[in-house]
Structure formats: C-alpha cells, structure tokens
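*Asks:*
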Amino acid sequence: MKKVEAVIKPFKLEDVKDALAEIGITGMTVSEVKGYGRQKGHSELYRGAEYVVDFLPKIKMEMVVDDDSVEQVTNTIVEAARTGKIGDGKIFVTDVEKIIRIRTGESDSEAI
Numbered sequence: 001m002k003k004v005e006a007v008i009k010p011f012k013l014e015d016v017k018d019a020l021a022e023i024g025i026t027g028m029t030v031s032e033v034k035g036y037g038r039q040k041g042h043s044e045l046y047r048g049a050e051y052v053v054d055f056l057p058k059i060k061m062e063m064v065v066d067d068d069s070v071e072q073v074t075n076t077i078v079e080a081a082r083t084g085k086i087g088d089g090k091i092f093v094t095d096v097e098k099i100i101r102i103r104t105g106e107s108d109s110e111a112i
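UniProt numbering puts the first residue of the sequence shown at 1, with every later residue one more than the last.
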C-alpha cells in the first residue's frame, strides 16, 4: 500500500477530486496549507506599499491506495492539476506499513 500526497493549486481541487472519483478513488483527506517552491512567493501592493507574500495558499490531498493503483492515481492527478505554469505542485508517494479501520477493526487492504 502507498500513501499519495499531492500539493496542488486551490482552484484545481474540484477537477482533481472529480478525476479521481472517475477512476474509483472513494476517500481522501484534504487540507488547506501554505507553502512555496521555486517561485518563492511574490510581491503585492497594498495601499501603495509593497510587501512580499512568502507562503502561497495550496491544497494538500492525501489518499492511501493499493500498490497497483499508484501509477493510475498519480497520472490522473498530474493530468487534472496541470496548468503548465510555475507552482502547479508536487506529488509524494510513500510506503504504508499498516492501516486499521477503527470502527470495524479491518486492516490493510480491507481498511482502505
């Protein structure tokens, strides 16, 4: 099992969620986060004064999938989240050793 974490632009959330639903992903956790990568934020003007916005709003999506679904899930996220501009985001894939559904006690693949 793998944990797929995707950090994307906020306005792409619905597109990515809908695309994942089409391939059968039924659950995920979504958080509003702030961060920056290569773009290192940007400058804005407010009442004539310039200030730097270091951390940009992003959405972090997390889901756990079977090993054989990872490629399809990551490709779907890339296709749905891509704008072609800097700041489109990143996807991180890590191993998951154990999952337990609290309500039923089911574990691993049955608990996804």
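Where a beta carbon is used, it is the ideal one built from N, C-alpha and C, also for glycine.
1. Counting Cβ pairs, one atom from each stretch, are 3 or more of them under 8 Å apart for the segment 72-80 and the segment 90-104?
2. So does the segment 9-17 actually touch the segment 47-66, counting three or more Cβ pairs closer than 8 Å?
3. Here's the rule I'm using: 16 or more other beta-carbon atoms within 10 Å means buried, otherwise exposed. How should S69 be labelled?
4. Secondary structure at V96, three-state DSSP: helix, strand or coil?
5. Measure the Cβ-Cβ separation of A81 and I8 and say whether it is below 8 Å.
*Replies:* By the coordinates alone:
1. yes
2. yes
3. Against the sequence shown, residue 69 aligns to sequence position 69. Looking at its Cβ environment, which holds 16 or more other Cβ atoms inside 10 Å, S69 is buried.
4. In the sequence shown, the residue the question calls residue 96 occupies position 96. Reduced to three states, the DSSP call for V96 is coil.
5. Within the sequence shown, residue 81 is the residue found at index 81, counting from 1. Within the sequence shown, residue 8 is the residue found at index 8, counting from 1. Closer than 8 Å, so yes.
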